[in-house]
Every structure is written in structure tokens, then in C-alpha cells.
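Novice: Got a structure for you, questions after.
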Amino acid sequence: MSVSRSAAHRIRIVIFIIAWAACPALAFPEEIAAQTDPFGPFEQVRRQAHAYCIGYLQSGDARAYLTCLQQSAAAFCSGIPDFLTGLWCMAAATTPYPAPGRRVLTARNYRVEVIGGWHRERDPGSGAILSERPIPPGLAYTLERQPDGLYLATMYELSTGQMIGQQWVNDQCEITNSAQQPILDLIPCPIFIDKPYLVSLLPPPDPNFPPSGMVFAPGRLADDFDEDGIVEIGYAYTSGSGGRTYTSGSAEVYGYDPETRALKFGYRMAVRESDNPFTTYAVERLYRFRIQSSP
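Position in the sequence shown (from 1) plus 5 gives the number in this note's numbering.
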């Protein structure tokens with residue numbers, strides 16, 4: 006992330022103890038990925054790129070697999086004259102499929118609740134808190150195991166409690182398509198799943214444009230995001246950009262109890278420093294979770 010080092014320290018940009026560098030990514034229960042193949046007819050390009058690079062993943066080198074997807078995308082999408090079609094092709098080719106995992110969902114049902122948190126606005130220069138308001142409790146999503154072994158995930162709007170969508174999820178916390186093939190990871194999963202990365206999608210600002218593949222990296226969370234004095238395990242996504250007149254960045258982190266491996270919190274931040282005070286900001290959100298399950 007290309008935020009200044011001092012600013013990054015002041016607003017708690019993720020400090021990670023990990024074996025390999027993080028790659029771009031992001032998601033939350035309020036943002037629902039498509040149940041069908043997310044890239045439509047270009048999903049076939051995604052499958053081809055995956056098949057071309059899967060040897061690295063099978064050998065245990067997830068970073069080489071992700072790098073291979075980036076490098077091979079030009080070959081899969083070269084020669085496309087239409088700009089928008091080329092964007093869809095490149096987005097599909099560079100978005101990985103979920104990494105192999107293990108069964109982590111064993112209960113009959115799970116209930117993931119937000120039990121509080123806060124929204125803060127800070128001064129980008131000093132890091133001082135300008136305002137803070139609490140995040141009220143609410144139901145984030147539920148998982149109900151079906152006779153075929155899949156889970157039906159039902160997502161809810163936190164502020165109203167209304168259902169906003171459903172997904173089919175396998176016991177490895179992966180969202181599946183109609184053929185029960187994993188297409189994305191469910192982020193955040195109620196139970197920590199030890200994978201070399203998690204993949205989700207960032208919805209596009211315009212429906213004519215493709216979604217962006219987002220990859221979360223694992224590690225120990227050295228920053229105390231939920232302010233409880235415990236170093237959690239988890240996954241994080243960071244992004245950033247810089248120019249002559251501004252620097253911006255964002256991060257999204259999900260922390261899990263290192264003993265129980267249950268989901269504890271979600272943290273988001275975004276910062277932009279520029280010469281224009283009206284486009285300068287630093288905001289943070291923390292969601293505290295509680296997981297309930299039935300055997």
C-alpha cells in the first residue's frame with residue numbers, strides 16, 4: 006500500500022507477519038457474490054488460466070500460481086480489439102479459484118452476529134480521532150446444512166435485519182456454482198480455514214464493467230485492531246495508489262481467536278491524503294462478531 010509510513014502507523018494499516026507478500030483482495034457479508042459463474046462467458050477464460058497455472062498450486066507454491074495467472078493473462082486475452090471485452094477477459098484470467106482446503110464447517114448451523122464495534126473518522130495528518138459512533142448489533146449471516154451436505158448461507162442487512170441474498174457454500178467455506186464447483190471463498194468464514202490465500206470479488210462501479218478479483222493473505226495480526234491485547238490470526242487485503250497530488254490506500258482484515266479459531270472481528274480502513282481538504286480523509290470501521298452454532 007502506498008500510504009506514507011507515518012500515516013500508515015497512525016491509522017493502524019495492517020502489520021503482517023507472513024511468509025509471503027499480500028496480493029490484492031476484499032469482501033464482507035453485506036457484499037454478495039454471484040451464485041452463478043461470476044464472469045459469465047469469460048469464466049471459461051478463468052478456467053483455462055487456472056488449468057495452465059494449477060501445477061504451481063498443486064506443488065504448494067500459491068504465490069507462483071498467482072503470479073502465473075497475472076503473467077499468462079496477456080496470452081489468453083491478446084488480440085481482443087474491444088476495450089471492454091478485453092477488460093472482462095483480463096479480470097477473469099487473473100482471478101484465481103479457491104485454494105485447496107479442508108473441512109471446517111461441521112455443525113448443523115451457524116449464526117454470525119455483529120455484537121458491536123465503531124466507525125471512526127481521523128485527521129490524516131495527526132491521526133487524532135475527529136468523531137466516533139458505535140456500530141449497533143445485528144445479524145450478519147446464517148449457515149444451514151442441507152441434506153446434500155451443502156450449507157445455505159443467508160445474508161442480512163445489518164441495519165434493517167432484512168435478508169439480502171443467499172448462497173450455496175460447501176463445508177470448506179467455499180461458495181459454489183450450480184454444478185457445486187467452488188468459485189469463491191466465503192469471507193469471512195465463521196471458522197478460520199488455513200489456506201494460502203482466500204479469493205473474493207470487488208463489485209464494479211458500473212455493471213458493464215467486470216468485478217475485480219481480490220486475494221486475502223494469511224498471517225498473524227500484529228496490530229491490535231479490536232483493542233483487546235490479543236494477537237489474532239487472520240486474513241487481510243491491502244491496496245493503494247499514489248500520485249503527484251495525493252496518496253491513498255485501504256485495508257480489510259478479519260481476525261480469528263488463535264485458540265478457538267472462531268471469527269472475532271472485521272476491520273476496514275481507507276485513507277486519502279491530498280492538497281485538497283475536501284478530498285482528504287481517514288476512516289475506520291470495526292465489527293465485533295459472535296458465532297453461535299448447533300451440533
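Note that beta-carbon positions come from the ideal geometry of N, C-alpha and C, so glycine has one too.
Check P180 in the structure and name its three-state DSSP category.
Specialist: Residue numbering aside, residue 180 sits at position 175 when the sequence shown is read from its first letter. In the sequence on display, residue 180 carries Ile and not Pro. Note: I180 maps to strand in three-state DSSP.
Novice: For P105, which option in A133, S77, Q63 has the closest C-alpha, if you only look at C-alpha atoms?
Specialist: Numbered from its first residue, the sequence shown carries residue 105 at position 100. Ranking the options by Cα distance to P105, first place goes to Q63.
Novice: Which partner residues of D229 appear in the DSSP bridge assignment?
Specialist: Position 224 of the sequence shown, counted from the first residue, corresponds to residue 229. Bridge partners of D229: none, in fact.
Novice: Can you give me the C-alpha to C-alpha distance between P302 and P282, rounded to a whole angstrom?
Specialist: Given a span of 6 to 300 for the chain in the structure shown, any question on residue 302 remains unanswerable.
Novice: Please determine, among C178, S183, N182, L207, the residue with the shortest C-alpha to C-alpha distance to I196.
Specialist: Against the sequence shown, residue 196 aligns to sequence position 191. Comparing Cα-Cα distances from I196 to each of C178, S183, N182, L207, the minimum goes to C178.
Novice: So, helix, strand or coil for Q76, using DSSP?
Specialist: Stepping through the sequence shown from its first residue, residue 76 is reached at position 71. Helix, per DSSP.
Novice: Considering only C-alpha positions, which residue in the set S83, Y70, D280 is nearest to C58?
Specialist: What you label residue 58 is simply residue 53 of the sequence shown in a count that begins at 1. Closest option to C58, Cα to Cα, is Y70.
Novice: What does the alpha-carbon distance come out to for the pair G239 and D280?
Specialist: Within the sequence shown, the letter at position 234 stands for residue 239. Within the sequence shown, the letter at position 275 stands for residue 280. Rounded to the nearest angstrom, the two C-alpha atoms are 35 Å apart.
Novice: Distance check for P43 and A56, CA to CA, integer angstroms please.
Specialist: Here residue 56 refers to the residue found at position 51 when the sequence shown is read from its first residue. Here residue 43 refers to the residue found at position 38 when the sequence shown is read from its first residue. When rounded, the distance between both Cα atoms is 18 Å.
Novice: Whole angstroms is fine: what's the gap from W93's alpha carbon to R273's?
Specialist: The residue given as residue 93 occupies position 88 in the sequence shown. The residue given as residue 273 occupies position 268 in the sequence shown. Approximately 27 Å, taken between the alpha carbons.
Novice: Starting from F88, follow the alpha helix (DSSP H) in both directions and report where the run begins and ends.
Specialist: Taking the sequence shown and counting its residues from 1, the one referred to as residue 88 is at position 83. Element bounds for F88: 88-99.
Novice: Specify the secondary structure class of R51 as computed by DSSP and reduced to three states.
Specialist: Locating residue 51 in the sequence shown gives position 46, where the first residue counts as 1. Here R51 sits in helix by DSSP.
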